[in-house]
Every structure is written in structure tokens, then in C-alpha cells.
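Single-structure report; data block below.
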Amino acid sequence: MVVRRRPQRGHRYTESPLLQLALQGWRSRMVGLLLMAAFLVLLLRAFYLQVINNDFLQEKGDSRYLRDIEISASRGKVTDRHGDMLAVSTPMRSIWAIPADARTMSAEQKRQLAALVELKPRELNARLASEKTFVFLQRQVPPQVAEQVRALKLPGVHQEKEYRRYYPSGEMTAHLVGFTGVDDKGLEGVELAFQQSLRGHPGARTVIRDRRGNIIEDVGATRPPRDGNDIALAIDAKIQYLAYSHLKATVAEHEAKGGGIIVLDTRTGEVLALANWPTYNPNNRAKLSGEQLRNRAVTDTFEPGSTLKPFTVALGLEQGKYRYDSLIDCGPGRITVGRSVISDTHANGELTVAEVIQKSSNVGTTKIALSLPRESMWEMFDSLGLGRQPALGFPGEAAGRVRPWKNWRPIEQATMSYGHGISLSLIQLARAYSVFARDGDLVPVSLLRVDAPVVRGTPVFSAQTAREMRAMLELVVQPGGTAPKAAVPGYRVGGKTGTAHKLEGGAYANKYIASFVGIGPMSDPRLIVAVMIDEPGGKQYYGGQIGGPAFSQVMAGALRTLGVPPDAPLQVATTNDGKGRL
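Residue numbers for the sequence shown follow the working numbering, so the first one is 17 and each next one is one higher.
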């Protein structure tokens, strides 16, 4: 019987001739060893990465979900000497977005967001079209607006805390305090000068974020923030207001281009007030010009004119060549030096040294100057700090110009004696007058509050010379002097007028700088007030007519603010127009 096998479906792989070939023994062992070696390498690599050196994998893992977020620090406050606020940081929010996520917003959501962050829809879409992973939508947004944005729950839109600087005194202290930029860095004034002390040091905290940037867990602070240091300035807000308001009124009354005013404490060298006009509002700097930003009292130089005469006369007294009552023949009011003629406004004839100051005689001052060594005059100017920055630490402070004495010709020595051919800033001029108020010594000026009087400064003149000069300066504000309008009822004061042509293009123009610098009270000097008015309009341009009244008003108010007792009877002072005023 024949049995037929049913044919099998499919293919039997074991019957493949190739698989039925026997592998040689050494080859099989080599393959096995290679596989074992590969597994061993993988095992060692895994052990190395996960046990011995797992920092790499940990770092890569952390980079995908851990983030360090900056914690903003507040900038230090700026106050006046009594703690009144001049600059303070207020908390704000910044609105930012992850463009890739924010593009999923609906058209209505984008419209609402654009309105809140004050952007046109086209501008918002342009920012969200960026290929960056981070874009600011708006900086320094008020908290209430930030809450409205948060309430919309927009995808890819986030917020961070930051600060905005606010200046309560506005225009009044703008040039002194300055301002900061959007990044809270000082750009002008004290804000720039003391940036390192005022600026805060931000902290950081670690958070876990999902792929959309949302914080899902706060891991903890890694570095606490440190707020900036507070700064107390030397200025007195009440005296600053007096100085600012009277300067503004004087510039307006005389249709001047601008002006500056400074009030110094003679005991400490503190700047109790510093104001300029024109000025600006540091809280709203949308439209600013260089004219508004200039701190004229510190950064601008000018020829001081006759306000420099007292120093020439003081040098003559100091060297023993003249006395308070020495007579000087001023003749018909003219003197020829080389090929130039120096004139007085009046023919004064014979004048005492004191009357040379009282009448502001160019001829008398020239005769005194030409009898002195050139080198002595230069050394005096140098010891007063002229030609050198006053070291306030203020940005842009000017040094002025005093040429080397070896190059002086007689006419240059003569003109410098009454304030021409030499330049300085108003702060330098005010500081120089402290040698008369402090019995001959010069002290540094300070923008910061000084808690104790400066006992002794750098000697420039003897105490006797300083006292005699104070007596001469007092004559200037009395009848017969050049500035009776500078008198202060109830107080003995003194000072010196200055009227100088302006230099334009290397030549003197028919434009003037009117100035007045004075001391009060003379019985025990406490304050120096220096006023400078740039290009007064109209018929009046003399320092006594323009700077004198401003000095009187500011000095009177400042002395009363400080509680300085009167040292003279209250009486009617006679002005140039013949009218009396209390």
C-alpha cells in the first residue's frame, strides 16, 4: 500500500541550505565575545552617567523645566536733608510674551491686549511675529493695568515685577536729582553720580515651568534681592523752593534766556539749594531739548565780570601793598594799558580801596592788579579752585579756564582782575566767596548732607583780610553802592555785582551775563547766595538791577527758614528808583 504525503503549505526555514551550514567554532566564540563586550560597554557607560558622573544628564533635564527668575530689587530713595522725598521707586509690571505661544490668541484677545498695553494692533502683531523666544510688549505698566491683562488669561503672555522712578518735587529739583532710564539706571544728576550706591542688586529664585512658560512649582530662592542705599542730599526743600521760584520769576521778568542760583552753607560747604531755568519735568520726558537738560550752575562756564574784583583787592591787602582806606586815583574814569583803554561807567576821581569795591571801579582794580606779581594772582586763582573741577562728583561739572601766568600780558592781567579773560561756573564762584565768609579758608562743597561743621579748610587769606573784605562787600548793598536792591531788611548782608559781555565766535557780543554773589548775615556769616542770569532782555542788564533783588528775596527767606536771628534793625531800604520797600 502506497501512502501519499500531503504537500505542506508554506516554506520551512530550517530546511534552508544556508541555515544548515555549521558555523565554525572560532567564529561563534568571537561573535559571542563581541556581543558581551558591547553589553559591557553599555553597562559601564550607564553606570558612569548615572552613578559616577550624573551632572550632565541632570543639567540637561533641568534645562528643560527649571528656570532662574530674577527678583527685582528697589533702587535707593533720594531725600532732602530733612527726609522729604525727592526720588522714590514705585512697583510696576512688565508685560512680555513667548511669540510662538502668543500667536494662538484669537483676534479679539489680541485687540483687548493691544488696548491695554497701548500698542496698535499692527505693532502687537509685528512683535508676536518675531522668531525670538522672548519679547517685551510693554514696560513699567501700572499694577491695575497688569491685573486687567492677567484676567484675560492669554496664552504665552506673562508678567514680571519691576520699578519705575517717581520724582515728587518735579521741575524744582530736576537738574540736581536727575532721572533714570527705563532700566532703572541713572542718566542725569545725582541719579547718575551716585549710581553705584543707589542701584539695587536683583536676586533670583528657581521655578519649574511647563513648555508654555507657566510656573507650576516654586523650588525656592537662590539669591535674595538687596535694595539700593538711600541717599540724603544736603539741600533743604524749603530753601530749594525759594531759590527755584525766585529764579523763575527773575528770568520771566527780564525776558532772559536762562539762569542759575545756588545757596551754600558756609559752615559745612553744603549745597542747600541749586536751581536752573529753563528746567523740565523728570516724570514726563517725552519732549526734551538740550537747553532744558543743561545744569547751568555746574556745567556752564561764563566770564564772572566784577564779581571777581574782591579777590584781586584781597590779594593786595594780603601782600601788604594796600589798606582798607588806601587812596587810588581813578582820574577821569579811564586808564590805558598797552593799546587798550579800560573805562569806568563814571569818573570817580580818588577812591579808597573800599570804595573801589563799592563803586565797582575797573580802573581802581586794574591799578591794584598791575602792582601785584602775575604769579601771585595765578596762585590765588588756583588756590580758590578756579581752573579745576570742584570735585562735586556731579556728571559734567566744568573746570573753567585760567591761563598760565607766564603767558599773561599786562592787558590780560588787568582784565582778569575784574573778571574778563577768565571763565568759571556758578558753583565755583559761590565756593570761592566762602573764603570771605569763613575768615579766609576754603572748604569743599558737598551735595550730600554733612552732619558736622568743617572746623578748618584750606587757608587762602588771613582772617583780617577776610573781615576787611566783608566790610567792603557790605558797602555794595548800601546807598552809594552798585546793589542797594540786594539789601535784606533785618539782616546785615553784602556782596558783589557782575556784568559781563558774552563771548560768541571768539568776540564779545552785545549780550550780557548779569550776576550777584553775596553773604549773610555779616555779623556771623551763614549763607552764600549766587545768582546768574543769562542774556537779560530789555534795558536793564546790570547785575545789581537783576541779580540783586533775587539775592535779597532768597537770602531773606533762607535765613528765616534756618532760624538765623536778625542782626540789623528792620528799616526801609532805598532802591535805585527812589522808592522804599520793607
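All C-beta atoms in this analysis are idealised placements derived from N, C-alpha and C, irrespective of residue type, glycine included.
What you are looking at is a predicted structure, and each value in this text was computed from that prediction instead of being measured.
For residue i, tell me which candidate among the options has the shortest Cα-Cα distance.
{"i": "ARG472", "options": "ALA453, MET488 and THR481", "result": "ALA453"}
{"i": "THR481", "options": "VAL470, GLU334, GLY554 and GLY496", "result": "GLU334"}
{"i": "VAL379", "options": "GLN556, TYR340, ASP455 and ASP360", "result": "ASP360"}
{"i": "MET548", "options": "VAL580, ALA291, GLN308 and SER356", "result": "ALA291"}
{"i": "GLY506", "options": "ILE278, LEU56, LEU575 and PRO426", "result": "LEU575"}
{"i": "LEU386", "options": "ARG417, THR431, GLU207 and PRO420", "result": "THR431"}
{"i": "PRO411", "options": "ALA446, VAL372, LYS518 and GLY202", "result": "GLY202"}
{"i": "ALA499", "options": "PHE567, ARG310 and ALA487", "result": "PHE567"}
{"i": "SER122", "options": "LEU144, GLY416, ARG350 and ILE68", "result": "LEU144"}
{"i": "HIS191", "options": "ALA89, VAL161 and LEU304", "result": "LEU304"}
{"i": "PHE477", "options": "MET393, GLY554, GLN66 and ALA167", "result": "MET393"}
{"i": "ASP540", "options": "GLY564, SER450 and ARG310", "result": "SER450"}
{"i": "ARG109", "options": "ALA162, PHE63, ALA89 and ALA407", "result": "ALA162"}
{"i": "THR474", "options": "GLY285, LEU408 and THR317", "result": "GLY285"}
{"i": "ARG239", "options": "ILE384, SER88 and GLY365", "result": "SER88"}
{"i": "LYS273", "options": "GLY564, PRO469, LEU519 and LYS527", "result": "LYS527"}
{"i": "GLU124", "options": "LYS169, ARG43 and ARG155", "result": "LYS169"}
{"i": "VAL357", "options": "GLU428, GLU520 and LYS126", "result": "GLU428"}
{"i": "PRO469", "options": "LEU280, ALA407, ARG483 and ILE68", "result": "LEU280"}
{"i": "SER261", "options": "TRP293, VAL287 and PRO241", "result": "TRP293"}
When the Cα atoms are used, what is the spatial distance from residue i to residue j?
{"i": "THR189", "j": "LYS177", "result": "28 Å"}
{"i": "VAL267", "j": "SER322", "result": "21 Å"}
{"i": "VAL580", "j": "ILE529", "result": "31 Å"}
{"i": "PRO159", "j": "HIS174", "result": "14 Å"}
{"i": "ASP583", "j": "PRO426", "result": "43 Å"}
{"i": "SER105", "j": "GLY219", "result": "17 Å"}
{"i": "GLY194", "j": "ARG339", "result": "47 Å"}
{"i": "PRO537", "j": "TYR558", "result": "24 Å"}
{"i": "ILE562", "j": "LYS501", "result": "9 Å"}
{"i": "ASP398", "j": "ILE544", "result": "21 Å"}
{"i": "VAL372", "j": "LEU491", "result": "10 Å"}
{"i": "LEU578", "j": "GLN128", "result": "55 Å"}
{"i": "LEU132", "j": "ARG181", "result": "21 Å"}
{"i": "MET101", "j": "VAL94", "result": "6 Å"}
{"i": "ALA142", "j": "GLY197", "result": "25 Å"}
{"i": "GLY435", "j": "PRO326", "result": "10 Å"}
{"i": "THR295", "j": "GLU187", "result": "6 Å"}
{"i": "GLN494", "j": "GLN374", "result": "9 Å"}
{"i": "VAL459", "j": "GLU551", "result": "31 Å"}
{"i": "LYS264", "j": "ARG355", "result": "42 Å"}
{"i": "MET46", "j": "PHE63", "result": "25 Å"}
{"i": "GLY416", "j": "THR317", "result": "6 Å"}
{"i": "ALA330", "j": "PHE210", "result": "37 Å"}
{"i": "ILE111", "j": "ARG155", "result": "6 Å"}
{"i": "ALA589", "j": "PRO565", "result": "Unreliable positioning characterises ALA589 in this predicted model, as indicated by a pLDDT of 41, which lies under 50. The coordinate reading is nonetheless provided below. Between ALA589 and PRO565, the C-alpha separation is close to 12 Å."}
{"i": "ILE384", "j": "ILE535", "result": "24 Å"}
{"i": "ARG350", "j": "SER376", "result": "13 Å"}
{"i": "PHE55", "j": "GLY48", "result": "11 Å"}
{"i": "ASP593", "j": "THR515", "result": "Caution applies to ASP593, whose pLDDT of 41 falls short of 50 and renders its modelled position unreliable; the value that the coordinates give is listed next. When rounded, the distance between both Cα atoms is 19 Å."}
{"i": "ASN364", "j": "GLY99", "result": "52 Å"}
Could you give the C-beta distance for residue i and residue j, rounded to a whole number, given that I count them as a contact under 8 Å?
{"i": "ALA546", "j": "VAL533", "result": "4 Å"}
{"i": "LEU489", "j": "GLN444", "result": "The pair is not a contact, with the Cβ atoms about 18 Å apart (cut-off 8 Å)."}
{"i": "PRO348", "j": "TYR183", "result": "No, PRO348 and TYR183 are not in contact; Cβ-Cβ is about 56 Å, not under 8 Å."}
{"i": "VAL504", "j": "ALA572", "result": "5 Å"}
Considering only their Cβ atoms, is the gap separating residue j from residue i smaller than 8 Å?
{"i": "THR381", "j": "THR328", "result": "yes"}
{"i": "LEU440", "j": "PRO320", "result": "yes"}
{"i": "ALA253", "j": "GLY276", "result": "no"}
{"i": "GLN341", "j": "ALA370", "result": "The question names Gln, yet the displayed sequence has Asp at residue 341. In contact: ASP341 and ALA370 (Cβ atoms closer than 8 Å)."}
{"i": "ALA479", "j": "GLY456", "result": "yes"}
{"i": "SER213", "j": "GLY92", "result": "yes"}
{"i": "VAL418", "j": "ILE438", "result": "yes"}
{"i": "ILE255", "j": "ALA289", "result": "yes"}
{"i": "ILE251", "j": "ARG97", "result": "yes"}
{"i": "ALA414", "j": "THR315", "result": "yes"}
{"i": "ARG542", "j": "ARG283", "result": "yes"}
{"i": "ASP243", "j": "SER90", "result": "yes"}
{"i": "VAL466", "j": "ALA259", "result": "no"}
{"i": "GLU271", "j": "GLY553", "result": "yes"}
{"i": "GLU307", "j": "LEU343", "result": "no"}
{"i": "ALA103", "j": "GLU207", "result": "yes"}
{"i": "LEU519", "j": "ILE278", "result": "no"}
{"i": "TYR179", "j": "ASP200", "result": "yes"}
Between residue i and chain D, is any beta-carbon pair separated by less than 8 Å?
{"i": "PHE63", "result": "In summary, chain D is missing from the structure at hand, where a single protein chain is found."}
Taking 8 Å as the threshold, find out whether the segment 503-512 comes into contact with the segment 334-343 through three or more Cβ pairs. no
Stretch-stretch touch, CB-based, cutoff 8 Å, three pairs: the segment 148-162 with the segment 100-116: yes
Does the segment 128-137 come within contact of the segment 242-253, defined as at least 3 CB pairs closer than 8 Å? no
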